[in-house]
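Student:
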Amino acid sequence: MAITWNDSVPIYRQLRERVVAMILDGALNEGDPLPSVRQVAADFQINPLTVSKAYQELVDDQLVEKRRGLGMFVTDGAREALLKSERERFLREEWPALYARLQRLGLDLKTLLREAPKDTENQP
C-alpha cells in the first residue's frame with residue numbers, strides 16, 4: 001500500500017489523521033483492532049516509534065485502547081466523539097475561510113448543491 005507523506009506535517013500526525021478518517025468512514029468500527037505497530041511500520045516503511053507516537057495520541061484522546069498482549073482497539077463511542085470534535089473543529093477553523101471565499105465568488109447554497117458531485121454513496 002503506497003502513501004505519499006506531506007513534508008510540512010509530521011508523519012505521526014498524518015498517520016493519526018489517517019486512522020481518524022478510517023474510523024469516521026467506517027473502515028474501522030468500535031471494537032476493531034488496529035493494525036500492529038510493526039505491520040504499519042513495514043507497510044509504510046516508517047520507523048515503528050513514529051507509528052507508536054501516532055497510536056499513543058489516539059490512546060490519549062480515548063479513541064483507541066491498549067489491551068495488554070492483544071494490541072490496540074477502537075473504543076466504544078469513538079466515532080461519535082470524533083464526529084462531534086471534527087464538526088466543531090471544522091466550524092471553528094475551516095468554515096470561516098470557506099464561507100468568506102464563497103461570498104467573494106458569489107456562490108450560494110442553491111448553486112453549490114446544483115454543482116455538487118453526484119456521488120450518491122456519500123450523500124446524507
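Under UniProt numbering, the first residue of the sequence shown is numbered 1, with each subsequent residue one higher.
We put the beta carbon where it would ideally sit given N, CA and C, even for glycine.
Predicted, not measured: the structure shown is a model, and the values here were computed from it.
Would you tell me roughly how many angstroms separate the C-alpha atoms of residue 48 and residue 90, rounded to the nearest one?
Tutor: Going from the Cα of residue 48 to the Cα of residue 90 covers about 31 Å.
Student: For the UniProt domain "HTH gntR-type" (9-77), list the alpha helix (DSSP H) runs that are entirely contained and at least 4 residues long, ordered along the chain.
Tutor: The UniProt domain "HTH gntR-type" (9-77) contains these whole alpha helix (DSSP H) runs: 11-25, 37-44, 48-60.
Student: Nearest CA to the CA of residue 80: which residue from 116, 38, 23, 106?
Tutor: 23
Student: Applying the criterion that 16 or more other CB atoms from any shown protein chain within 10 Å of the CB defines a buried residue, is residue 1 buried or exposed?
Tutor: Model confidence at residue 1 stands at a pLDDT of 49, short of 50, so the residue's coordinates are unreliable; what they give is reported in the following sentence. Residue 1 comes out exposed.
Student: Report yes if the CB atom of residue 64 is closer than 7 Å to the CB atom of residue 70, and no otherwise.
Tutor: no
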